[in-house]
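Chains as they are written, first to last, in the working numbering: chain A, 171 to 320; chain B, 171 to 320; chain C, 171 to 320; chain D, 171 to 320.
Yeah, the Cβ is synthetic: ideal placement off N, Cα and C, and Gly gets one too.
To start, the structure itself, in structure tokens.
Protein chains: 4
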Amino acid sequence: MAEDQWPDVSGRIQNGIHSMPIRVYYEDTDAGGIVYHARYVVFCERARSDCLRLLGIHQSALGGVHFVVRRMTCDFLKSARLDDLLEVETRFLGLGGARVEIGQQVMLNGNTCFRADVTVAVVDGRGRPMRLPETLAETFRGILKSRNLT
Amino acid sequence: MAEDQWPDVSGRIQNGIHSMPIRVYYEDTDAGGIVYHARYVVFCERARSDCLRLLGIHQSALGGVHFVVRRMTCDFLKSARLDDLLEVETRFLGLGGARVEIGQQVMLNGNTCFRADVTVAVVDGRGRPMRLPETLAETFRGILKSRNLT
Amino acid sequence: MAEDQWPDVSGRIQNGIHSMPIRVYYEDTDAGGIVYHARYVVFCERARSDCLRLLGIHQSALGGVHFVVRRMTCDFLKSARLDDLLEVETRFLGLGGARVEIGQQVMLNGNTCFRADVTVAVVDGRGRPMRLPETLAETFRGILKSRNLT
Amino acid sequence: MAEDQWPDVSGRIQNGIHSMPIRVYYEDTDAGGIVYHARYVVFCERARSDCLRLLGIHQSALGGVHFVVRRMTCDFLKSARLDDLLEVETRFLGLGGARVEIGQQVMLNGNTCFRADVTVAVVDGRGRPMRLPETLAETFRGILKSRNLT
């Protein structure tokens, strides 16, 4: 399996915080010489996907349950550039009946380039809001708690 | 000139509101069958660029003045799909000394799919904040006023 | 309908050649100051989609018939830059039983920036090759013939 | 340094072949449920960048020397899907005075999804062809030779 060859390919969860590396390639930059702003939004989605993956939640196998971004507040704080190796940190901030609150940061050498608060809604196959299934809620509560203890 | 062949290629400004069409292509969709969320952020940037273009402000010819997105609050309200023809509406909401506040909506058949409040900062070639040059400020005030009159 | 407001939003077919404008936005450029090479591949897909649309073929309503790119030979000839208004030209070159040969060019002020020969395969919902339905084949033969007459 | 935290983040070179993992995220897929075709072109660029990086060649520090893709022949052989972990293999095939020939494959579980032959040209800051500097040529010859020996 390819997964065995590349141990940290989905990042790591430590103390309730998921972190993963993201390299800045030409595709991520623009003619201003910096990372194109919408790419940070993409980087955060990659990180949420890999965080779920490490928690054992596979989006392509969730059946009727879908996560969709409902709201996102984005602060663009510092520019990253070609070849930079960024780290995206993802924290679960809270759980509602049909939504999950997540905080994300894109870091470069200890500085925050981008910060977002993300509200993810739980919807069914037709896009209608549904309650977060209890098994998923428990997984999220577990990671929330592990962070609070630190 | 190609511009003469395609009259409305940059959209139109009417009553102080810029609107432009954006078609949803395969590149904009994802495996969920809907428009990938970060694409709305891209669509809004296209619209801001074309709005500036119609106002006679050419980003590639602005010399030392750069516009960068500093903050963006995004609401994802309704999903768009392949082949949909969206319309992006852009409104100037206010002017600060070194920033511009802009409101944007992505519409589909009269419904709002996506809404964003965008704070754009004015920076110099090194990314440091600078005052909005008076000629640009006047252009923005002009479009702000034309909308208030309606 | 939004389509009525933006008459040429899908380009035009003249003498068997489809052409459409594509503006270069920040999203299309990279830190080299030019259009990122893979964007030309995307531009060509947009053009094929709109060409089909003008021929009355709606990809999202094709039922069990899917077009997938099987082979693409790409020549990157000249760089385009931010704010350039490109034109993509699409020509049908030939029809096989289960595939369509298409030639595409991305033009800037009369010069060719990018040229591609594209082999599109016809597949069913499971990705297996299938014969091009006769109604589609007739449509493609029609546009092929209209070009040969010129 | 972030690099120390994520040892294989740029992939590995073994027997003259560079290989690196690429996860398929939502951003890479389209409404057809598969990886959007142009994304393979992007994946190959990421792999070339990381291969150069492991060879000690940093694109953002190359001074007046730029690598641009001149020609690319692409075969789309098998579809990848959301959550797949792909591996991109990159091989140097040959060296000309002002260009480098590279072969790339995107693999999934031992099958080839995508294959490309890529001609990369060496150009100066104005986009004019220039001879490959001897130090770079030697690095490329080194990796070419190490593969031939196996």
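- Collapsing the DSSP output to three states places Asp198/A in a helix.
- Of the candidates Tyr210/A, Cys214/A, Trp176/A, Gly273/A, Gly273/A places its Cα closest to the Cα of Arg317/A.
- Inclusion of Val293/C and Val238/C in the CB contact set at 7 Å is warranted, their separation being smaller than that value.
- Chain order gives the chain D residues near Arg240/C as Asp245, Phe246, Leu247, where near means a beta carbon separation below 9 Å.
- Pairing Asp200/A with Arg209/A, the inter-Cα distance amounts to about 10 Å.
- It is roughly 42 Å from the alpha-carbon of Gly280/D to the alpha-carbon of Gly267/A.
- Interface annotation, Ala208/A: in contact with chain B, CB-CB separation under 7 Å.
- Counting only Cβ-Cβ distances below 8 Å, Leu222/A has no contacts in chain D at all, with the closest Cβ about 10 Å away.
- Residue environment for Arg301/A: exposed (fewer than 16 other C-beta atoms within 10 angstroms of its C-beta).
- Sequence-distant Cβ neighbours of Leu314/D in its own chain, meaning closer than 6 Å and more than five residues away, are Phe262.
- Less than 7 Å separates the beta-carbon of Asp220/A from that of Gly181/A.
- When Cβ-Cβ separations below 7 Å define contact, Ala172/B makes contact with chain C.
- A straight-line Cα-Cα distance of about 39 Å links Leu252/D and Ala172/B.
- Restricting attention to Gly297/D, Phe284/D, Gly202/D, the CA atom closest to the CA of Thr260/D is found in Phe284/D.
- Under the 8 Å Cβ criterion, the segment 191 to 206 of chain A counts as touching the segment 211 to 231 of chain D, having at least three qualifying pairs.
- From the listed residues Val270/C, Pro177/C, Arg241/C, Leu247/C, the smallest Cα separation to Leu306/C is found for Val270/C.
- Arg298/D sits away from Phe246/C, with the two beta carbons spaced by 7 Å or more.
- DSSP, reduced to helix, strand and coil, places His228/A outside both helices and strands of the structure shown, so it counts as coil.
- Chain A has a Cβ within less than 7 Å of the Cβ of Val212/B.
- For Ala172/B, the enclosing alpha helix (DSSP H) starts and ends at 172 to 175.
- At a cut-off of 7 Å between beta-carbon atoms, Glu215/D makes no contact with chain B.
- Taking a Cβ-Cβ threshold of 7 Å, none of the residues of chain A is close to Gly266/B; the smallest such distance is about 16 Å.
- Taking a 10 Å sphere around the C-beta of Gly202/D, we find 16 or more other C-beta atoms and assign the residue as buried.
- Secondary structure at Ile204/B: coil, using DSSP grouped into helix, strand and coil.
- Closest in C-alpha terms to Gly295/D, from the list Val212/D, Gly234/D, Asp174/D, comes Gly234/D.
- Taking 7 Å as the cut-off, the Cβ atoms of Leu265/D and Phe213/D do not count as close.
- Taking a beta-carbon distance threshold of 7 Å, Val179/B counts as an interface residue toward chain C.
- In the three-state reduction of the DSSP assignment, Ala217/A falls in the helix class.
- In the assembly as shown, His228/D is an exposed residue. Its beta-carbon has fewer than 16 other beta-carbons within 10 Å.
- Within the segment 190 to 205 of chain C, the residues whose Cβ lies closer than 8 Å to any Cβ of chain A are, in chain order, Tyr196, Glu197, Thr199, Asp200, Ala201, Gly202, Gly203, Ile204.
- Between the alpha carbons of Ser249/B and Leu278/B lies a gap of roughly 9 Å.
- Its chain contains Ala286 as the residues whose beta carbon lies nearer than 6 Å to that of Cys244/C, once the 5 sequence neighbours on both sides are disregarded; these appear in chain order.
- Around the beta carbon of Ala217/D, a 10 Å sphere encloses 16 or more other beta carbons of the protein chains shown; the residue is thus reported as buried.
- Listed along chain D, no residue sits closer than 7 Å to Leu255/B by beta-carbon distance, the nearest being about 16 Å off.
- The beta carbon of Thr282/C sits closer than 6 Å to those of Leu247, Gln275, all from its chain and outside the five residues before and after it, given in chain order.
- With a cutoff of 7 Å on beta-carbon distance, Val290/C and Met242/C are scored as not near each other.
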